[in-house]
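Student: Residue numbers (this note's numbering): 49 to 229. Backbone N, C-alpha and C fix where the C-beta goes; we use that ideal spot for every residue, glycine too. This is the structure I have questions about; it appears just below.
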């Protein structure tokens, strides 16, 4: 657990320290409650070296912004890495972004499930797998009635999941019409 420094400025244990120390324990995966700084680089390196299934949360405004936030946090690590190398690490390590948004009704909802596809030149490419349908209206209590709907794109990692015993039926990705009220 993160621990701030004492009054003499000693004894601090950062999230980055914890991620690095966890790697010495040979974990199957690493879960960091929230990445906010240089530990993002350590998470990416762990994800790219056999710690598949690792996850963290990051505050951002949209799936694309999440990628920019990760870049910024990696730069906060103090390592002098070229942006292209950082982006390649992100594209290789991150498979999917699940984006939650606080709606006007105050509830948090999943608004996007976005696959990180890879790189095209200097750009990380993504594709939305599911997006929230706002067109279903609002109920009498002011809550959104919508939910995430498939875009019709089957993720490139679905075969890998099936090899791990996690089938993703094709109908899961069959697009539903967006509703307009």
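For residue 218, is the classification buried or exposed, using 16 other Cβ atoms within 10 angstroms of its Cβ as the cut-off for buried?
Tutor: exposed
Student: So, under 8 Å CB-CB, residue 118 and residue 138 are touching, yes? Tell me the CB distance rounded to an integer number of Å.
Tutor: 5 Å
Student: Once you ignore the five residues that flank residue 79 on each side, which residues in its own chain have a CB closer than 8 Å to its CB?
Tutor: 102, 103 and 104
Student: Could you check what DSSP says for residue 58 in three-state terms: helix, strand or coil?
Tutor: coil
Student: Give the range of the beta strand (DSSP E) segment to which residue 175 is assigned.
Tutor: 171 to 180
Student: Count the other CB atoms, across all protein chains shown, that sit within 10 Å of the CB of residue 133; report buried if there are 16 or more and exposed otherwise.
Tutor: exposed
Student: Considering only the beta carbon of each residue, do residue 161 and residue 177 sit closer than 8 Å?
Tutor: yes
Student: From residue 98 to residue 190, what distance separates their C-alpha atoms?
Tutor: Straight across, the Cα-Cα distance linking residue 98 with residue 190 is about 45 Å.
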